[in-house]
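Q: Heads up: the protein sequence lines correspond to chains G, A, E and S, in order. Following this note's numbering, the residues of the first sequence are numbered contiguously, the last one being 448. Following this note's numbering, the residues of the second sequence are numbered contiguously, the last one being 448. Following this note's numbering, the residues of the third sequence are numbered contiguously, the last one being 448. Following this note's numbering, the residues of the fourth sequence are numbered contiguously, the last one being 448. All C-beta atoms in this analysis are idealised placements derived from N, C-alpha and C, irrespective of residue type, glycine included. Below are the structure tokens for one structure; questions will follow.
There are 4 protein chains.
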Amino acid sequence: MSEKLYFASDYMEGAHPAILNRLIETNLEKTSGYGTDHYSESARRKIRELCNAPAADIHFLVGGTQVNEIVITSLLRPYQGVIAAETGHISVHEAGAIEAGGHKVLTIAHDHGKISGAQIREYCRAFYDDANHDHMVMPGMVYISQPTEYGTLYSLDELQKLHDACREWGLMLYADGARLAYGLACEENDVTLEDLAKLCDVFYIGGTKCGALFGEAVVISDPGLIPHFFTIIKQRGALVAKGRITGLQFDTLFTDHLYWQAGAHALKEADQIRTALKEKGYRFFFETPTNQIFIILDNETLEKFGQKCEYSFWEKYDENHTVIRLATSWATDPEDTAKLIGFLGNL
Amino acid sequence: MSEKLYFASDYMEGAHPAILNRLIETNLEKTSGYGTDHYSESARRKIRELCNAPAADIHFLVGGTQVNEIVITSLLRPYQGVIAAETGHISVHEAGAIEAGGHKVLTIAHDHGKISGAQIREYCRAFYDDANHDHMVMPGMVYISQPTEYGTLYSLDELQKLHDACREWGLMLYADGARLAYGLACEENDVTLEDLAKLCDVFYIGGTKCGALFGEAVVISDPGLIPHFFTIIKQRGALVAKGRITGLQFDTLFTDHLYWQAGAHALKEADQIRTALKEKGYRFFFETPTNQIFIILDNETLEKFGQKCEYSFWEKYDENHTVIRLATSWATDPEDTAKLIGFLGNL
Amino acid sequence: MSEKLYFASDYMEGAHPAILNRLIETNLEKTSGYGTDHYSESARRKIRELCNAPAADIHFLVGGTQVNEIVITSLLRPYQGVIAAETGHISVHEAGAIEAGGHKVLTIAHDHGKISGAQIREYCRAFYDDANHDHMVMPGMVYISQPTEYGTLYSLDELQKLHDACREWGLMLYADGARLAYGLACEENDVTLEDLAKLCDVFYIGGTKCGALFGEAVVISDPGLIPHFFTIIKQRGALVAKGRITGLQFDTLFTDHLYWQAGAHALKEADQIRTALKEKGYRFFFETPTNQIFIILDNETLEKFGQKCEYSFWEKYDENHTVIRLATSWATDPEDTAKLIGFLGNL
Amino acid sequence: MSEKLYFASDYMEGAHPAILNRLIETNLEKTSGYGTDHYSESARRKIRELCNAPAADIHFLVGGTQVNEIVITSLLRPYQGVIAAETGHISVHEAGAIEAGGHKVLTIAHDHGKISGAQIREYCRAFYDDANHDHMVMPGMVYISQPTEYGTLYSLDELQKLHDACREWGLMLYADGARLAYGLACEENDVTLEDLAKLCDVFYIGGTKCGALFGEAVVISDPGLIPHFFTIIKQRGALVAKGRITGLQFDTLFTDHLYWQAGAHALKEADQIRTALKEKGYRFFFETPTNQIFIILDNETLEKFGQKCEYSFWEKYDENHTVIRLATSWATDPEDTAKLIGFLGNL
């Protein structure tokens, strides 16, 4: 096992050492609970500043499905559903969390994980044109992820168009930023935290996959948007007693741009792998700019590859080929990248 | 501020140093997610052994309200409710989590936080005697906490009687062990992990208040009791991606009896405070054997006390008196205990 | 059996003959569905006029529990609960419908089925005074029934005070009028439909127990209070395809004051029974002005009584006595009343 | 208006005269409530016999969406969803009732409203083959409608195959029989009540669209399948106080084969219209054997048609054509059919 390489996901290690260091330094301080401590407050201040959203309501939760479920059910009225790409995390891989919260996920077709303002307009127009629409689930919000589940990125222009379509049809816009570090640090990215805060009603900044032990920071630019969100968080079992642990992690990630550094490291490793794959003639399922790489391998090659390297199965391509995902992270060891590249050459 | 004493709660610090150390040691290991790692597996093995429940299904979640909501809604059928003391955490301080999950909390009177098998029998008898009971919420389970929210403990005999009443009337028995370390390590305690595993259908071993950064270990002795509990956990947003973090904490807590040591430390400090309070003639609201101490202060004394020491307001006793709670923990500094005792003498 | 008398409840017969006649007359007319027909519209017009609420939103549903659940869950936000008397129908006899809808029923003590504005104020003051209230269920509305489950009536002054307390603390006020005909037609009643429409945010006018085959009319004075209520009704399975059937029944009940006549008939019969009970020295559990009568019988007498007359068991009074309820209705045959009175004399 | 024809739906009139007559005859009888009366019991007996399911649990509810929501949420466990055609009533036109009940509708492609055993097998195989399926919604049951929303019918062979696939993969099979009379009475139909009772875990016999004022009869062949279904019905606000009204309607529909006669009448009228449409060269969207007829009209013709006859808009066919639905019912006047046919000839 000692020789195996691991590129299966971006949540295989613990936390960025800077975070562990601060946990150690502060361990025996006594603070008040439930996120009322000064570490959480400091993290909120830094995030508000980076978002240029001085009044934003910011809450630190534990995981992405939890955030999605709580934000979405808090924003929707009982008769509303959420529009999402059919590939959206909430559509497929959250075990029906949104439906368990009482709401339908209204899936639409995706383009490499993305949806567009034009699709939203079309969906809404068709809905309101339907004579029976008051017997149907009204679209109440739009869910996107940045980067998407396919590792692609919305451009600022695309995000603006989604925002405009949402405003036009009275929908909320919500962005799942589970891997946001790998978007923000990406060369081709032109969407900043400030843009997200301005164009989305709510979004979250992922910690779990971006250097933290766990944790996601929910940003609600308009602090009056979800009244009593604290109590809702408590009710859904998502309130961390020692809130300082989550707050401190985000405080660290947003000190000296650690969040961007963590992202940039993963992207550098991913770029090297991408370049090597291209040089060696591997076939991409499609190209992505972030830390996730999707390639198509014939099953025989995959068999050999799998003996040496852990990967994520994505989908069957055809009888003889399979799509797999390789992911780098803030923790990827450059030596492992080099080994992987060497190994790819020998396959 | 530097001089203030803090006895307000048992979740003001980070984690037991032994836990931090292991987080550091293992930080860059790569493991699979969602609790499938070997640290989680090792923790499960240790807990199963201590519980003498070799087949038990064990899951690591993040917090107590979360565990309560998920376990209770998983065990109940739609037409059932859960019997609990009117002082039970689920009855009062979980922001309606159980109701949000669709179930009524059927509150009954408490005796210093405890309820009895006799009360369960009486409740069930009255329910089934009521000609309209099929228009009412059927009791489906019983919720207790060990220690209780009042710091008291069920004896083995009391627990056995609750168990018997539950079996007689077809109810599940569930114990909330948020502060279990402070019960297990208590001199007067005669309820072991093995007893809990045998007499309760489900219980949880608290980590957050007992030395961990966060985390609670749910023990289901009969592994078939809640099918697909993993997926339910995921659906409720309670599945931790880096499950190893929680697993590792419990693995540490159940290595070399750290969990009992952590509990014993808090109890030793609490005992010293109790003794001093008695010697100095303070008035107890009632006596407790665990890490929570409830005293009645006149409001003038409380004013002075509060300037020096953080405490928890419990309830108004009368116009001129207030009940407050003092809590020790695994992290209480003996010097702080000494200072508190000194201070109590001068009030 | 042919000789048995039936005073067990007010929903033992079909519908007032005037309703059946109109069902027959209109049977083969073709109308649009879901309450968009002209009979429903005519009923709405009449009710709006009687309520002096020209813009009121009015919906016809099937039964009381259904109305309660849908109105309450539509008015409450996820973190809120509904205050009700511990004897309220929603507190006891709706099988946990409100909790199944996600909300806690916050029960308070009752005075013969009634609660007061002072109690509401006290509840809210204590709630907001509690330092942990954001970990608790916020009161969001008040549920009352008129007449109550105990057959008592709120006076206009009492209703005004409830309204004032609700306004003061930001609560909605909702009245369950399952037996409203028996309140409106009562001599001692001073609360009109207009008062209810003005002082309650929502209330419903009971049909099922007041002369209809089935049906309850929900009155929302402010038509913007519950957006998309139609779709909510559909979603909860409460939208009747042939809405005209319900509409027509209410149109009939509110033509020529049939609703008041139906109520008055029941009250006249009840008054005769009450007078006879008093004359004959029967012991009342407490006195009521409406169609429900509560008396205490020793168990031996009850045994004989039950052989001749169907009644509702209310509760055990003591070892040897039982509280029973007798109910009259729009359909009570005066001959049956006479027989009952005769029989009471012979017991 | 007096001259307009109405073929928009099958729920435009009241009830079959035989039902009204029995409501009148029995109106002042006093019966116990909630379906415990002898009319309901008699209806149950007749249905059990026709289903050859002597132990079947039978409940009378009010409407189809209500039945679907209550049955489906009662049969599913929290982590499960229901497979349905993307055209299924629960998928589209129930305002998210199933999701409001906590469950995902897992939509699959349809063939004229129908799905197949092969599709179920394929869906389940793909689900269990997916390495992440425990992060996804497990299929727990299959929903079909007989006749479908497209007026088509499952053959006995098709139903058997669905049943077999469900058994193979551990799924429940549930049939929505909102228009069952129009299936049972159909010449090409080979699925009997007995077959439905044998092959489906639960199904319902539609009353609302088949001659009743309202009402649907839920048949659960295995009486232990949904424990405490009565209380669940109460909790969901679906328990009718005067249950005898619904029971009596079904007792009448299942006396002297009225249900089949009601269906046969609609089919005879529909067949005449179909024949005329064919003779006159109208274009069918697709052919159906039951009381719903789908034709494609160019928009100009539709404009004229609509002035004379009410119809249901189904969908746009292309820029210049529209699909409409015509429906007959137990109440369709043969004179109206003749007029429609005459009118169709003149368009």
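Check E/Lys417 in the structure and name its three-state DSSP category.
A: In the third sequence, counting from the first residue as 1, residue 417 of chain E sits at position 316. Strand, per DSSP.
Q: In three-state terms, what does DSSP make of A/Tyr383?
A: The residue given as residue 383 of chain A occupies position 282 in the second sequence. DSSP places A/Tyr383 in coil when its eight states are reduced to three.
Q: Please check if any C-beta of chain A sits within less than 7 Å of the C-beta of S/His211.
A: Position 110 of the fourth sequence, counted from the first residue, corresponds to residue 211 of chain S. Judged by the 7 Å Cβ criterion, S/His211 is not in contact with chain A.
Q: Could you tell me the distance, in whole angstroms, from the CA atom of E/Leu359 to the CA atom of E/Thr353?
A: The residue you call residue 359 of chain E lines up with position 258 of the third sequence. The residue you call residue 353 of chain E lines up with position 252 of the third sequence. Their backbone Cα atoms lie some 7 Å apart in a straight line.
Q: Helix, strand or coil: which one does DSSP assign to S/Ile327?
A: Residue numbering aside, residue 327 of chain S sits at position 226 when the fourth sequence is read from its first letter. In this structure, S/Ile327 counts as coil in the three-state DSSP scheme.
Q: Mind listing, in chain order, the continuous beta strand (DSSP E) runs of no fewer than 3 residues lying wholly within the segment 281-360 of chain E?
A: Whole beta strand (DSSP E) segments, 3+ residues: 303-307 and 317-321.
Q: Spatial neighbours of G/Leu207 within its chain, please: C-beta separation below 8 Å, excluding the five flanking residues on both sides.
A: As a working mapping, residue 207 of chain G is identified with position 106 in the first sequence. For G/Leu207, where only same-chain residues beyond five positions count, the Cβ hits under 8 Å are Gly182, Val183, Ile184, Ala185, Tyr224, Val238 and Pro240.
Q: Got a sec: which bits of the segment 183-207 of chain E sit with their beta carbon under 9 Å from any beta carbon on chain A, in order along the chain?
A: Cβ contacts with chain A come from Val193, His194, Glu195, Ala196, Gly197, Ile199, Glu200, Ala201, Gly202, Gly203, His204, Lys205 and Val206.
Q: In chain order, what residues of the same chain have a beta carbon less than 6 Å from the beta carbon of E/Pro118, not counting five sequence neighbours either side?
A: To locate residue 118 of chain E, count along the third sequence from 1; it is residue 17. Closer than 6 Å at Cβ, skipping near neighbours: no residue.
Q: In chain order, what residues of the same chain lie with their CB nearer than 8 Å to the CB of A/Ile138, ignoring the 5 residues before and after it?
A: For the purposes of this step, residue 138 of chain A is taken as residue 37 along the second sequence, with counting starting at 1. According to the sequence provided, residue 138 of chain A is Asp. The question's Ile does not apply to it. Only Thr132, Gly344, Arg345 and Gly348 meet the Cβ criterion.
Q: If contact means a Cβ-Cβ distance below 9 Å, which residues of the segment 236-254 of chain E contact chain G?
A: Here the close residues are His236, Met237, Val238 and Met239.
Q: Which chain S residues are close to G/Pro179, counting only those with a beta carbon under 9 Å from its beta carbon?
A: The count along the first sequence starts at 1 and reaches residue 179 of chain G at position 78. Correct list: Gly197 and Ala201.
Q: Compare the C-alpha of E/Glu289 against each of E/Gly134, E/Tyr255, E/Ala377 and E/Glu142 and name the closest.
A: Indexing the third sequence from 1 puts residue 289 of chain E at position 188. When each option's Cα is compared against that of E/Glu289, the closest is E/Tyr255.
Q: Give the straight-line distance between the Cα atoms of A/Val341 and A/Ile333, rounded to the nearest whole angstrom.
A: As a position in the second sequence, residue 341 of chain A is number 240, starting the count at 1. As a position in the second sequence, residue 333 of chain A is number 232, starting the count at 1. Those two C-alpha atoms are separated by around 13 Å.
Q: Suppose you measure from the CA of A/Ala196 to the CA of G/His160; what does that come to, to the nearest Å?
A: Sequence index remark: in the second sequence, residue 196 of chain A carries index 95 (1-based). Sequence index remark: in the first sequence, residue 160 of chain G carries index 59 (1-based). The alpha-carbon atoms of A/Ala196 and G/His160 are separated by roughly 17 Å.
Q: Indicate whether S/Leu274 and S/Val243 have their beta-carbon atoms separated by less than 7 Å.
A: Indexing the fourth sequence from 1 puts residue 274 of chain S at position 173. Indexing the fourth sequence from 1 puts residue 243 of chain S at position 142. Contact flag set, yes.
Q: Quick one: does S/Phe315 have its CB under 7 Å from some CB of chain C?
A: Protein chains in the displayed structure are G, A, E and S, and chain C is not among them.
Q: By a C-beta neighbour count over all protein chains shown, 10 Å radius and 16 as the cutoff for buried, is S/Gln408 buried or exposed?
A: Residue mapping note: residue 408 of chain S aligns to position 307 of the fourth sequence, counting from 1. Classification for S/Gln408: exposed.
Q: Looking at chain S, which residues of the segment 345-375 of chain E have a Cβ within less than 7 Å of any of its Cβ atoms?
A: Hits within the stretch, in order: Ile346.
Q: Assuming S/His139 is part of the alpha helix (DSSP H), what are its boundary residues?
A: On the fourth sequence, position 38 is the one that residue 139 of chain S refers to. It spans His139 to Cys152 - the alpha helix (DSSP H) in which S/His139 sits, taken as one unbroken run.
Q: Leaving out the 5 sequence neighbours to the left and right, which residues in its chain are closer than 7 Å to E/Ile442 when beta-carbon positions are compared?
A: Taking the first residue of the third sequence as 1, we reach residue 442 of chain E at position 341. These residues qualify, in order along the chain: Gln373, Ile374 and Ala377.
Q: Note down, in chain order, each residue of its chain lying with its Cβ closer than 6 Å to the Cβ of G/Tyr180, except the 5 sequence neighbours on either side.
A: Locating residue 180 of chain G in the first sequence gives position 79, counting from the first residue. Contacts found: Met239.
Q: How many whole angstroms separate the CB atoms of G/Leu448 and G/Phe406, which I take to be in contact at a CB cut-off of 8 Å?
A: Counting from one through the first sequence, the residue named residue 448 of chain G turns up at place 347. Counting from one through the first sequence, the residue named residue 406 of chain G turns up at place 305. About 6 Å; that satisfies the 8 Å criterion.
Q: Nearest-angstrom Cα distance between G/Asn400 and S/Glu317?
A: For this step, residue 400 of chain G is matched to residue 299 along the first sequence. For this step, residue 317 of chain S is matched to residue 216 along the fourth sequence. Computed Cα separation, rounded: 54 Å.
Q: On the CB-based measure, 16 or more other CB atoms within 10 Å of its CB, does G/Asp291 come out buried or exposed?
A: Along the first sequence, read from residue 1 onward, the residue named residue 291 of chain G stands at position 190. Under this definition G/Asp291 is an exposed residue.
Q: By a C-beta neighbour count over all protein chains shown, 10 Å radius and 16 as the cutoff for buried, is G/Gly446 buried or exposed?
A: Against the first sequence, residue 446 of chain G aligns to sequence position 345. Exposed: under 16 other Cβ atoms inside 10 Å.
Q: Tell me whether the segment 136-154 of chain S and the segment 294-306 of chain S touch, counting them as touching only if at least three CB pairs, one residue from each stretch, are closer than 8 Å.
A: Short answer: they touch.
Q: Closest to G/Trp270 by CA distance: which of G/Asp277, G/Ile306, G/Gly307 and G/Ala219 is it?
A: Translated into the one-based positions of the first sequence, residue 270 of chain G becomes position 169. Closest option to G/Trp270, Cα to Cα, is G/Ala219.
Q: Using a Cβ-Cβ distance cut-off of 7 Å, determine whether G/Ala460 contacts chain S.
A: Only positions 102 to 448 of chain G appear in this structure, which leaves residue 460 of chain G out of reach.
Q: So, with DSSP's three-state summary, where would you put A/Ala185?
A: Counting from one through the second sequence, the residue named residue 185 of chain A turns up at place 84. Correct three-state label for A/Ala185: strand.
Q: Determine the direct distance from the alpha carbon of E/Ile216 to that of A/Phe386, and round the result to whole angstroms.
A: As a first step, residue 386 of chain A is located in the second sequence; it is residue number 285 there, counting from the start. As a first step, residue 216 of chain E is located in the third sequence; it is residue number 115 there, counting from the start. The straight-line gap from Cα to Cα measures roughly 32 Å.
Q: If E/Phe330 and E/Asp158 are in contact, beta carbons under 8 Å, what's the gap, nearest whole angstrom?
A: Counting from one through the third sequence, the residue named residue 330 of chain E turns up at place 229. Counting from one through the third sequence, the residue named residue 158 of chain E turns up at place 57. E/Phe330 to E/Asp158, Cβ: 7 Å. Contact.
Q: Rounding to the nearest angstrom, what Cα-Cα distance links S/Thr438 and S/Tyr107 in this structure?
A: Position 337 of the fourth sequence holds residue 438 of chain S. Position 6 of the fourth sequence holds residue 107 of chain S. S/Thr438 and S/Tyr107: Cα-Cα distance of roughly 10 Å.
Q: With H, G and I counted as helix, E and B as strand and the rest as coil, what does DSSP make of E/Gln220?
A: Position 119 of the third sequence, counting from 1, holds the residue named residue 220 of chain E. Three-state result, E/Gln220: helix.
Q: Could you name the residues of the same chain whose beta carbon sits closer than 8 Å to that of S/Leu326, not counting the 5 residues immediately before and after it, in chain order?
A: Reading the fourth sequence from its first residue, position 225 is the one you call residue 326 of chain S. Counting only Cβ-Cβ distances below 8 Å, and skipping sequence neighbours, we find Asp158, Leu176, Asp302 and Val303.
Q: Per DSSP, what kind of secondary structure is S/Ser110 in: helix, strand or coil?
A: Residue 110 of chain S sits at position 9 when you count from the first residue of the fourth sequence. Residue state, collapsed to three classes: coil.
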